[in-house]
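Okay, so here's the structure we're looking at.
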Amino acid sequence: MKLLAMLMLAADLNGQPLPDVVLLDFTAGYCGPCQQMVPVLQRMEKDQFPIRKIDITEQPDVSRQYRVDRIPTLVLLVEGKEVKRFVGLTAESELRQAMNEAARGLDGRRRQAVVASQP
223 MKLLAMLMLA ADLNGQPLPD VVLLDFTAGY CGPCQQMVPV LQRMEKDQFP IRKIDITEQP
283 DVSRQYRVDR IPTLVLLVEG KEVKRFVGLT AESELRQAMN EAARGLDGRR RQAVVASQP
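Number 341 marks the last residue of the sequence shown (the numbering used here); no jumps.
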């Protein structure tokens with residue numbers, strides 16, 4: 223969790239900076255399964271997991287950009303690149319694990335780059 227919060231900002235979504243590891247939540251108010259995911263995502267946000275909600279009816283261009291054709295869809299981005307996609311109801315533990323693994327992997331790559339750049 224803390225590792226996620228420590229990562230710097232890198233990507234951009236409609237003019238808004240995104241954390242290096244972020245979960246995009248493609249949703250809509252009329253979607254029952256999307257509403258079932260709300261408490262899960264709220265708990266994760268409370269624990270400092272970066273999540274961006276994208277209402278497909280309000281931001282259809284972003285939905286097209288990420289080729290979202292079913293909801294709920296959750297897209298895990300690392301440094302602005304999709305690394306994993308979840309379609310439909312998804313367990314909180316699965317989301318947390320994927321985000322933590324992504325953050326650890328990114329942190330490891332950054333540490334290796336720093337070590338490799340040292341004389």
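Yeah, the Cβ is synthetic: ideal placement off N, Cα and C, and Gly gets one too.
Residue i by DSSP, collapsed to three states: which one?
{"i": "Leu328", "result": "helix"}
{"i": "Glu304", "result": "strand"}
{"i": "Pro255", "result": "helix"}
{"i": "Glu323", "result": "helix"}
{"i": "Glu199", "result": "The requested residue 199 is not part of the displayed model; the chain covers only 223 to 341."}
{"i": "Asp269", "result": "coil"}
{"i": "Val290", "result": "coil"}
{"i": "Gln420", "result": "Coverage of the chain is limited to positions 223 through 341, which leaves residue 420 absent and any answer about it impossible."}
{"i": "Gln281", "result": "coil"}
Drop a sphere of 10 angstroms on the beta-carbon of residue i, count the other beta-carbons inside from all chains shown, and report buried for 16 or more, exposed for fewer.
{"i": "Val336", "result": "exposed"}
{"i": "Val243", "result": "buried"}
{"i": "Ser339", "result": "exposed"}
{"i": "Met321", "result": "buried"}
{"i": "Leu311", "result": "exposed"}
{"i": "Pro241", "result": "buried"}
Per DSSP, residue i forms a beta bridge with which residues?
{"i": "Lys353", "result": "As displayed, the chain neither begins before 223 nor continues past 341, which places residue 353 out of reach and without an answer."}
{"i": "Thr295", "result": "Phe248 and Val309"}
Out of curiosity, what's the CA-to-CA distance linking residue i and residue j?
{"i": "Ile293", "j": "Gln281", "result": "14 angstroms"}
{"i": "Ile273", "j": "Arg331", "result": "22 angstroms"}
{"i": "Lys275", "j": "Asp247", "result": "5 angstroms"}
{"i": "Arg318", "j": "Gly327", "result": "14 angstroms"}
{"i": "Thr279", "j": "Val262", "result": "22 angstroms"}
{"i": "Gln258", "j": "Ser285", "result": "20 angstroms"}
For my contact list, residue i and residue j are in at a C-beta cut-off of 8 angstroms; report their separation, rounded to the angstrom.
{"i": "Leu296", "j": "Phe308", "result": "4 angstroms"}
{"i": "Val305", "j": "Ala325", "result": "Going by Cβ atoms, the distance from Val305 to Ala325 rounds to 11 angstroms, so no, they are not a contact pair."}
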